Structures are given as C-alpha cells and as structure tokens.
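Report on the structure given below.
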Amino acid sequence: MKGIEAKGRTGVMPGLIEYSGLLIRAALKEDIGAGDVTTLAVVPKGARGEAYLIAKEDLVIAGLFMAEKVFKCLDKNSSFKPFFKDGDLVRKGEKIATVAGRLNSLLTGERVALNFLQRLSGIATLTSMFVKKAGKVKILDTRKTTPCLRLPEKYAVKAGGGHNHRFGLFDSILIKDNHIKAAGGVREAVRRVYKKYGDSIPVEVEAKSLKDVKEAMTSGADIIMLDNMDIAKMKKALKMIKKKALIEVSGGITLDNISKAASIGVDFISIGALTHSARAVDISMEVRIYAGKKSGRA
5 MKGIEAKGRT GVMPGLIEYS GLLIRAALKE DIGAGDVTTL AVVPKGARGE AYLIAKEDLV
65 IAGLFMAEKV FKCLDKNSSF KPFFKDGDLV RKGEKIATVA GRLNSLLTGE RVALNFLQRL
125 SGIATLTSMF VKKAGKVKIL DTRKTTPCLR LPEKYAVKAG GGHNHRFGLF DSILIKDNHI
185 KAAGGVREAV RRVYKKYGDS IPVEVEAKSL KDVKEAMTSG ADIIMLDNMD IAKMKKALKM
245 IKKKALIEVS GGITLDNISK AASIGVDFIS IGALTHSARA VDISMEVRIY AGKKSGRA
C-alpha cells in the first residue's frame with residue numbers, strides 16, 4: 005500500500021497540522037497536569053535515550069506526524085525518524101519509527117503519542133479492510149466522529165484508502181429524515197433548498213423507502229442515499245433511479261455484507277463504524293537508555 009504524508013490521499017487537508025497541534029497541547033496538559041511525578045522522581049536530569057515504536061499486530065499506520073509533534077512539544081531538539089509513511093501496511097513486529105532525545109520527555113510523551121497513533125491507525129486499518137472488499141465503489145466516512153477529533157480521524161480514513169464525506173454541516177447539503185419531517189415531505193424539503201441556494205451546492209437526500217426514492221428523483225436530487233435498505237430493495241431503487249442520480253448506500257454495512265452491497269452498482273457506501281467503532285491497534289514503545297553522553301543533536 006502506497007504511503008502518504010500528512011496530506012491525505014487526495015491532497016492537503018486544510019487546517020490539519022495547525023489543529024493537530026492544538027489537540028496535542030491539550031492532550032499533554034490533560035495527562036501531565038502539574039508534572040509527571042513518577043518521571044521527575046525516577047529519571048536523572050540530563051539523561052538521554054531513544055525509543056522504538058513497534059507494531060504488535062499487522063496494521064495500516066496513520067498519525068505519525070502527530071506522534072512526532074508530541075515529542076517535539078516536550079523536547080524541541082528531539083529527533084523522530086519514521087520507517088514508514090502514513091497509509092503504509094506495517095507487519096507485526098516491525099519497527100515503525102524511532103525517537104531520540106531527553107529521556108524524561110520520551111517517557112512523559114509516550115502515552116499521548118501512542119494514544120493518537122493507535123487510534124488513528126485503528127481507523128486506517130479498519131478502513132483499508134472495507135476498501136479491499138468494496139472493489140471500485142468508494143468508501144465514505146460520516147460525521148460520527150469523536151468530538152474535536154474529526155479532522156485527524158477523517159485524515160486516518162483517507163490514509164486507509166477511504167474518502168471523506170462532508171466535514172460538517174457547513175460544506176454539503178444532506179436532507180435527512182428529520183429535515184423531511186420538518187418540511188412536510190421530500191419534495192418540499194428539496195424545493196426549499198433550491199430556493200435558498202439554487203444549484204450551487206449538490207443536494208443529497210436520505211431515502212428510507214422506495215417512495216422517498218421516487219420523490220427525491222422527481223425533485224431533482226443529485227445524490228440519493230439508500231438508508232438501511234436490504235439488497236432486494238436496493239436493487240429496486242437502482243432500477244427506479246436509472247443513473248439519473250448518484251447512489252449512496254448507508255446503514256447496516258459490515259465486512260460480511262459489503263461485497264454484496266458493492267456488487268449491485270452503487271457509487272458510494274458510507275460507514276459510520278470507520279470512526280465510531282474502530283478498535284485502537286496495538287503499538288508499543290521500547291526505550292533504550294544511553295550509557296554515556298550521546299554525541300550529535302538528539
């Protein structure tokens with residue numbers, strides 16, 4: 005799998021680096037508080053060392069830039085050398101990266117660095133599993149992300165080969181069931197959107213029934229989301245739509261049934277589980293203490 009840097013697979017993710025810095029500083033403040041009392045007592049002042057980040061299982065790596073930033077926040081002269089790029093497949097037992105610097109900074113930053121790396125790599129790993137089973141159908145994420153971690157989590161989806169749906173309520177129109185209820189029906193909801201915005205923004209409509217599909221089509225929706233439909237109903241919806249709109253499938257998609265859903269001719273499959281249910285992968289950090297004074301900048 006081809007690796008990426010902190011850009012995602014389709015280009016730079018606006019604001020990711022700056023926002024990640026804010027998250028990292030907040031996480032360090034949360035963890036360290038008034039001071040790392042154990043490290044302050046145990047580690048001699050001036051002691052230096054290096055540490056390896058090691059994969060304890062097969063995984064797709066994501067968030068290396070965040071791990072590096074954690075250690076840089078604690079020791080600006082630390083050095084971080086990754087052996088992979090975000091998006092790479094890492095096998096169990098392989099060294100992911102090495103970091104060298106003040107020993108106290110390595111120990112203090114260990115948990116925060118691993119928390120970000122394990123969480124984002126878990127998302128990338130799960131995403132890659134869905135992508136492999138979906139064939140040519142694009143796998144999309146959703147807004148079901150951890151509060152305040154949406155940017156890095158959506159970055160991790162891209163590292164795993166997936167694609168980002170909307171980032172928030174501000175960048176795309178998705179008329180869902182409660183919007184339809186508020187407007188009194190699909191047609192009226194779509195009419196109000198076009199009245200306010202014209203055709204400047206693509207309009208997506210969530211359809212829970214074939215009746216919703218028909219109304220979305222006749223209303224001029226650009227994308228129709230088939231929500232929680234079984235395969236038989238999806239096939240009927242596809243015949244109704246006849247490629248007059250893009251088709252997204254959502255709800256109830258698992259690794260066991262995604263191949264069947266992807267095979268019927270839809271354009272997108274959106275999966276909330278990519279971010280709300282991904283398991284953190286197992287990554288460890290092993291420290292080596294320098295016996296004497298280490299030359300060079302570390």
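Residues 5 to 302 in this note's numbering are what the sequence shown spells out, letter by letter. Glycine included, every Cβ here is placed at the ideal spot set by N, Cα and C. None of these values were measured; they are calculated from a predicted model.
Can you tell me whether residue i is buried or exposed? The criterion is at least 16 other CB atoms within 10 Å of its CB, across all chains shown.
i: GLU290; result: exposed
i: LEU174; result: Note on identity: in this sequence residue 174 is Phe, with Leu being the wrong assignment. Result: exposed.
i: VAL190; result: buried
i: THR14; result: Any answer about THR14 is weak, because its pLDDT of 38 lies below 50 and its placement is not dependable; what the coordinates show is given next. Its Cβ having fewer than 16 others within 10 Å, THR14 is exposed.
i: TYR159; result: buried
i: ILE293; result: exposed
i: LEU44; result: exposed
i: LYS34; result: In the sequence under discussion, the amino acid at residue 34 is Glu, which differs from the Lys named in the question. Classification of GLU34: exposed, given that the 10 Å Cβ count is below 16.
i: ASP90; result: buried
i: GLY166; result: buried
i: LYS137; result: buried
i: LEU68; result: buried
i: ALA282; result: buried
i: LEU259; result: exposed
i: ASP79; result: buried
i: ALA30; result: exposed
i: THR146; result: buried
i: VAL46; result: exposed
i: SER24; result: buried
i: THR42; result: exposed
i: THR149; result: buried
At what residues does the alpha helix (DSSP H) containing residue i begin and finish?
i: VAL75; result: Note that residue 75 is Phe in the sequence shown here, rather than Val. Taken as a continuous stretch (DSSP letters only), the alpha helix (DSSP H) holding PHE75 covers 68 to 78.
i: GLU192; result: 190 to 201
i: LEU153; result: No alpha helix (DSSP H) contains LEU153, which DSSP labels as neither H nor E.
i: LEU173; result: Taken as a continuous stretch (DSSP letters only), LEU173 belongs to no alpha helix (DSSP H), as it is neither H nor E.
i: SER223; result: 214 to 223
Looking at residue i: is its Cβ nearer than 9 Å to the Cβ of residue j?
i: PHE84; j: LYS96; result: no
i: ALA249; j: ILE227; result: yes
i: ARG195; j: SER223; result: yes
i: VAL103; j: GLU72; result: yes
i: GLY256; j: ASN232; result: yes
i: GLU210; j: ASP234; result: no
i: THR129; j: LEU63; result: yes
i: PHE134; j: ILE36; result: no
i: GLY164; j: THR112; result: no
i: LEU121; j: ALA66; result: yes
i: GLU208; j: GLU252; result: yes
i: ARG52; j: ARG106; result: yes
i: ILE205; j: VAL161; result: no
i: PRO156; j: LEU27; result: yes
i: ALA59; j: GLU114; result: no
i: GLY139; j: ALA266; result: yes
i: LYS49; j: ASN108; result: yes
i: ALA364; j: SER125; result: Summary: the structure shown does not reach residue 364, with the chain confined to residues 5 through 302, and so no result is reported for it.
i: LEU214; j: LYS247; result: no
i: LEU110; j: ALA38; result: no
i: LEU153; j: ILE287; result: no
For the beta strand (DSSP E) that contains residue i, what are its first and last residues?
i: LYS99; result: 99 to 106
i: GLU208; result: 207 to 211
i: ALA31; result: Looking at the DSSP string, ALA31 is not in any beta strand (DSSP E); the run it does join, the alpha helix (DSSP H), is 20 to 36.
i: ALA51; result: Here ALA51 belongs to no beta strand (DSSP E), and DSSP marks it neither H nor E.
i: ILE143; result: 142 to 144
i: SER82; result: Neither: SER82 is in no beta strand (DSSP E) and is coded neither H nor E.
Kindly examine the ligand GDP and report whether one of its heavy atoms sits closer than 8 Å to the Cβ of residue i.
i: ASN119; result: Among the ligands in the structure shown, none appear at all, so the ligand GDP cannot be discussed.
- prompt: Hey, which unbroken runs of the beta strand (DSSP E) at 3 residues or more fall wholly within the region 226 to 295?
  reply: Those beta strand (DSSP E) runs which fall completely within the region 226 to 295 and span 3+ residues are 227 to 231, 250 to 254, 272 to 274, 287 to 293.
query: Curious, which full-length beta strand (DSSP E) runs of at least 3 residues does the region 104 to 128 contain?
result: Listed in chain order, nothing qualifies, since the region 104 to 128 has no complete beta strand (DSSP E) run of 3 or more residues.
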